[in-house]
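Its first residue numbered 1, the sequence shown is counted upward by one per residue in the UniProt record's numbering.
Yeah, the Cβ is synthetic: ideal placement off N, Cα and C, and Gly gets one too.
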Amino acid sequence: MCFYRGTVYKCNHSEIGKKVSDCKDQQDFLAGTTKDKNACAERQIHSMNRVRVDANCRKCQRLDALKTRTRKTFLSLRENLEKRKAAAGKNDMEAPKAEDADKADD
Numbered sequence: 001m002c003f004y005r006g007t008v009y010k011c012n013h014s015e016i017g018k019k020v021s022d023c024k025d026q027q028d029f030l031a032g033t034t035k036d037k038n039a040c041a042e043r044q045i046h047s048m049n050r051v052r053v054d055a056n057c058r059k060c061q062r063l064d065a066l067k068t069r070t071r072k073t074f075l076s077l078r079e080n081l082e083k084r085k086a087a088a089g090k091n092d093m094e095a096p097k098a099e100d101a102d103k104a105d106d
């Protein structure tokens, strides 16, 4: 198994970076001294090559931005709905008064 650099983010997601060193199997494969037809596919991250970052990963950053935009949109829609309900409520209050006045004339 070959060793790679690794990054662990604040959101606990991780990603594998560049290769640090080849394992014995990979070195033999590259030298052509092994009968294996496949290169080493195992990846391992040594703790000395792991970096912790005090930020969210790119995927979580995009998700947080989308969540913020969605929340703002919902708040805006809710405000518009409340305004329209209030305006419709005023119109409903005014309409019966006019009808009551017409009925009183009859």
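In DSSP terms, what residue i is bridged to
i: Lys19; result: Tyr4
i: Gln44; result: Phe3
i: Ser14; result: Val8
Backbone secondary structure at residue i - three-state DSSP
i: Asn49; result: strand
i: residue 113; result: With the chain represented from 1 up to 106, any question about residue 113 goes unanswered, as that position is not in the structure.
i: Ala39; result: coil
i: Ala55; result: coil
i: Ala98; result: Interpretation of Ala98 is limited by its pLDDT of 48, a score under 50 that renders its predicted location unreliable; the figure taken from the coordinates is listed afterwards. If DSSP states are grouped into helix, strand and coil, Ala98 belongs with the helices.
Beta carbon of residue i nearer than 8 Å to that of residue j
i: Ala55; j: Lys10; result: yes
i: Val20; j: Arg50; result: no
i: Cys2; j: Asp28; result: no
Outcome for residue i when other beta-carbon atoms lying within 10 angstroms are tallied against a minimum of 16
i: Gln44; result: exposed
i: Gly89; result: exposed
i: Gly6; result: buried
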